[in-house]
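Position 488 of the sequence shown, counted from 1, bears residue number 480 in my numbering, the numbering being contiguous throughout.
Using N, Cα and C, we set each Cβ at its ideal position, and we do this for glycine too.
Structure record follows, encoded as structure tokens.
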Amino acid sequence: MNRPPLSPHGRAGDGPTTLTERQAPGSPSARSTFAQEGASRLERSDPRGYVGRAASRRGNPPVALHADRHATTVDPSCSGPTPVRKDRKRQTVTRSTASTGGQSRRALLRAAAVAGLAAAASSCSSPNEPAPGTPRPSAAGGERATGGRPAQVTPPNIVVVLVDDLGWDSLGCYGNDFVDTPAIDALAASGVRFTQAYSAAPVCSPTRAALVTGLYPARTGITDYLRPVDALTDAFLPPDVPTLPDLVRPQGYTTGLIGKWHLTERYDEPLNRRTGGPAAHGFDDVRLTEEQYIDVGDYVAPYAFMPSVPAKPGEHLTDRLAREAVDFIDDHADEPFVLLLSDYAVHDDLVARPDLLAKYEARTGVGRPGRDPAYAAMVEGVDAQVARVVRALRRRGIAERTLVMVTADNGAQDRAANRPLRGGKGELYEGGIRVPLVVAWASVPGSTTAESEGRVDATVVSTVDLLPTILAVTGRPESPAGLDGLNAAGLLPGGDGSVASRDALFWLYPHHIGGTHPHAAVRSGGLKLVEQLRDGSVELYDLDRDPGERVDLASARPSDVDRLRGMLDRHVVDVGLLPGPPASDTPSAVTTWESGRVLRVPDGSVVGGARVEGGRLVVPASGATVLVRSTQAVAARPWSVLSTAPSLGRGGSSVMLGLAVDAGNHVLFHYDHTKRSVGWDLRVDGVVLNLGKEPLAGLDGTLDLSGPGARMGLSGRGARLAAWADQGRGAGWEFLFLVDIARSPLDLSNLRTRRRLRHAVAFDADARPTVLGELLVGALR
């Protein structure tokens, strides 16, 4: 096809590169205003020193990480009333205790909840003013009664239970008849069950970033799951990005994180001072979060990824999280709080409690698709956790003013757990991103804040909506400008059913995972378009009629394809994540080869006998990999294009294109003509680094760069490099993969590094002389 994938990639250089550069429509300074909320607690020049300074500015001691609690104690919620523990300091919030004017506590709680939600819902249509006559809770939790008398009411609490890799069809309230989930089903029966809720990404870390920021993952730079500390990447959620704790603290809220964070790769730093960690983002009470990298689960004590946590051998991690959540509730029952209970379950490798596993192994139909006993047992373990949290809230007398949300970070890895939806984790089909979402007050059924019967809501909502919704419930007058999420408080129990309309939801996943290639998606109304980033091919589905995405309507509805593709293209430019394709039609320079710049890899010795003929460089066979540096300096947003036919057409086996300081320090995009495969190599001080590479085997056999007009291309932006190919068949550039080299000395965002870098070509100089064709270089606009 003539159109390159996501055609505005060529204009990506015009998009924003930082949070402060993006402007919300109608508000030129919206993004910078939003960013100031985080920047106020960060000295940008030294993010690693952030935590202590921020704590001192707030007048608080450094955040306590309670990883050592309850090594062998019994869950208080299962053993009757228990006094609040007093054996350590905890943050307290001073609240007014003025007279309630003779009204019952229950009536005041109900009034506060409904008024807060109604005021929040009204802000969807008028963000600056509440609906006429609607009382709005103050930041301190007070509320002005309509009769003019002040009524001081404790603000509502919020508990968000985020389940890892939970399939859309994995709960009883969503129709699953194999897994027992009575606690979550009970919440759905008295609250709201959303049938079209979406995660912000098809994998965990980007969705987690979206939950605490209200931003699409591309805006925070976290678009894939994060890797171990010794990976090539150096990703973390920037501490200057405002997150949940920053935004609810002015309303007097304490914030807690129990469980998985997975928003930093800085595992070589102390947990309570880790760049991008939960403490750096202002969480007041952090427990059982990963000290070391966790990938495939670690569910039974002792916990290898939390070596400092004392635990009774054999203890199950989901149960331990439940006990810590109960303890958090006891510690903070007398102050408003927002708790993020972030489960490690039900991520692979599945290790369930033995009693629950035995229960499901004995059930009829076990082993059929969607009836995995280990998965079912782990889901029920999460449900039991929710039950213990609800019991603790009721025991402490705060259930009527505590809103519980249960959702997931993405779809299940086992596709059968997402049926009838298509696909699963790592894919932008519905099975990878449509997730359960149940929201209810934790009240005993029949109380004033429990709805008489549950409600099913088909409104399209997303992870990015949770933060602005939480802010509305906690009484913040309005969300910060620049959030991607919408305030959906009007859809919650006690709300008026209203929510602002949105034109579209977007997903951008420019990565390889399993057999899935980089792709993007947009949903507008009932229509959803999925676009492959390699070649721009699209699929179109009508989800109202075809939620399983079985019938592709792209060829039958070209006008809808054009409309949704235009929306998606504009979004890609807006978020400014991807380097655009090489602008080879307007090169800034054509490399002139110099024979003395041919070096062996990695020792850097000069290869003799190279010569320039007619503008092409001819290198004799040497049996070694050789690298040729150009004379041109590298721009901040560079691109380069190499014609591959001259070398491969004469029997060459491979060719590489990239950036190099010297023969021992370079990053190269390579094409192996023998295997028709592509990949990349990063070499630092002569050592090849490859930990954390994306799997690119899915590209094997799909390329041929030996024909006339075939080219390979590279473009860069900061720490990201994009690899491109043009097979010379008239289809233009194909996007192949994205490389993040932030932890290497080749990061383009570093001016000192750029001054040393040069465009480079490398190849295996085996049995025949190699001829290098024309190399074009330039800078993205």
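- request: Can you say whether N479 is buried or exposed, counting buried as having 16 or more other CB atoms within 10 angstroms of its CB?
  value: buried
message: Applying the 10 Å Cβ sphere with the 16-neighbour rule, what's the burial state of G274?
response: buried
field: Buried versus exposed, by CB contacts within 10 Å (16 or more), P781
entry: Outside the displayed span of the chain (-7 to 773) sits residue 781, for which this structure offers no information.
message: Which of the three DSSP states is assigned to V769 in this structure?
response: strand
- request: Could you pull out every unbroken beta strand (DSSP E) segment of at least 3 residues lying fully inside the segment 326 to 384, listed in chain order?
  value: 329 to 334
query: Hey, quick one: how far does the alpha helix (DSSP H) through I462 stretch, first residue to last?
result: 458 to 465
- request: Evaluate R411 with the Cβ neighbour count: other Cβ atoms within 10 Å of its Cβ, from every protein chain shown; 16 or more gives buried, anything less gives exposed.
  value: buried
Contiguous beta strand (DSSP E) assignments of at least 3 residues, all confined to the segment 465 to 513: 497 to 501
- prompt: According to DSSP, is M298 helix, strand or coil?
  reply: coil
message: If you reduce the DSSP assignment to three classes, tell me which class N264 lands in.
response: helix
- request: Note down, one range per segment and in chain order, each beta strand (DSSP E) of at least 3 residues found wholly within the segment 605 to 692.
  value: 608 to 611, 616 to 625, 630 to 635, 646 to 654, 657 to 664, 669 to 676, 679 to 681
query: According to the neighbour-count rule (16 or more other Cβ atoms, all chains shown, within 10 Å of its Cβ), is V670 buried or exposed?
result: buried
task: For the beta strand (DSSP E) containing R826, list its first residue and its last residue.
output: The requested residue 826 is not part of the displayed model; the chain covers only -7 to 773.
- request: Kindly provide the ranges of any alpha helix (DSSP H) runs that are 4 or more residues long and lie completely inside the segment 159 to 238, ordered along the chain.
  value: 174 to 182, 196 to 205, 209 to 212
- prompt: If we count Cβ pairs, one from each stretch, closer than 8 Å, do we get three or more for the segment 459 to 466 versus the segment 519 to 533?
  reply: no
- prompt: Could you give the uninterrupted runs of the beta strand (DSSP E) lying entirely in the segment 516 to 574, keeping only those of 3 residues or more?
  reply: 519 to 524, 530 to 534
query: Any idea which residues DSSP pairs W253 with across the strands?
result: DSSP, once it has assigned bridges, lists no residue as partnering W253.
- prompt: With a Cβ-Cβ cutoff of 8 Å, do S162 and A317 count as a contact?
  reply: no
task: Give me the Cα-Cα distance between R200 and D401, rounded to the nearest whole angstrom.
output: 7 Å
- prompt: Relative to the C-alpha of V522, which residue among R414, D216, A481, A181 is closest?
  reply: R414
query: Closest to V152 by CA distance: which of L332, A193, G678 is it?
result: L332
DSSP three-state assignment for R603, whether helix, strand or coil: strand
- request: Pull up the CB-CB distance for W787 and L728, whole angstroms please, since I reckon it's below 8 Å.
  value: Residue numbering for the chain in the displayed model covers -7 to 773; residue 787 lies beyond these limits and cannot be assessed.
message: Starting from L309, trace the alpha helix (DSSP H) in both directions and tell me its first and last residue.
response: 309 to 324
query: What is the rounded straight-line gap between the Cα of T776 and the Cα of H511?
result: It is not possible to answer for residue 776, since the shown part of the chain is limited to -7 through 773.
query: Bridge partners of H751, per DSSP?
result: L651
- request: Put V448 into one of helix, strand or coil per three-state DSSP.
  value: strand
field: Other residues of its chain near T623: CB distance less than 6 Å, five sequence neighbours each side excluded
entry: none
message: Which same chain residues end up closer than 8 Å to H254 when comparing Cβ atoms and leaving out the 5 residues on each side of it in sequence?
response: C196, S197, R200, Y217, L218, E282, I286
query: Taking DSSP as the reference, what is the three-state secondary structure of A581?
result: strand
message: As a quick exercise: from V330, V626, V456, G722, pick the residue whose alpha carbon is nearest that of G477.
response: V456
task: Decide if N682 is buried, meaning its Cβ has at least 16 other Cβ atoms within 10 Å, or exposed.
output: exposed
Inter-stretch contact at 8 Å, needing at least 3 Cβ pairs: the segment 231 to 246 / the segment 467 to 476: yes
task: May I ask you to report which of helix, strand or coil DSSP gives D38?
output: Note that D38 has pLDDT 32, beneath the 50 cutoff, so the model's placement of it is unreliable and no number is given.
message: For the pair the segment 342 to 352 and the segment 361 to 371, tell me if three or more CB-CB distances fall below 8 Å.
response: yes
In DSSP terms, what G705 is bridged to: V633, W716
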